[in-house]
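Below is one structure, written out as structure tokens; the observations come after it.
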Amino acid sequence: MANKNLSALKRVRQAEKRRLRNQDYKTRIKTCVKKVESAVASKDADAALNFLREAITVISKGSSRGIIHRNTASRKISRLTKKVNSVVKSEAA
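So the sequence shown is numbered by this note's numbering: it starts at 1 and just counts up by one.
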């Protein structure tokens with residue numbers, strides 16, 4: 001840790017704040033993904049669609065805030081959408 005330099009001490013405080021904020025948002029993303037996957041596993045199309053909508057919003061905001069990379073966000077959204085679409089198709093058939 002920085003010792004005496006005031007700007008270094010401030011940077012340490014800022015980094016810790018940002019780390020906690022990023023950690024919190026990443027946890028929200030993971031929770032949303034788990035909700036979608038559990039709805040897909042139980043073959044509940046309505047719940048899966050609702051959770052997918054919520055997950056897409058949270059993931060996109062995380063990407064725009066710089067918490068996760070935009071390609072990672074796009075990949076997560078794509079994979080979740082693919083899983084939900086398979087459940088919706090199987091229920092419609």
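Just so you know, even glycine gets a beta-carbon here, dropped at the ideal spot from N, CA and C.
- Around the CB of L20, fewer than 16 other CB atoms lie within 10 Å, so the residue is classed as exposed.
- Of the residues assessed, K76 falls on the buried side of the cut-off, its CB having 16 or more other CB atoms within 10 angstroms.
- Annotation: L52 to V88 spans about 12 Å, alpha carbon to alpha carbon.
- Under the three-state reduction of DSSP, G66 is assigned to coil, being neither helix nor strand.
- Note on G66: under 16 other CB atoms within 10 angstroms of its CB, so exposed under the neighbour-count rule.
- Here V12 is exposed. Its C-beta has fewer than 16 other C-beta atoms within 10 Å.
- When the beta-carbon positions are compared, S90 and K43 come within less than 9 Å of each other.
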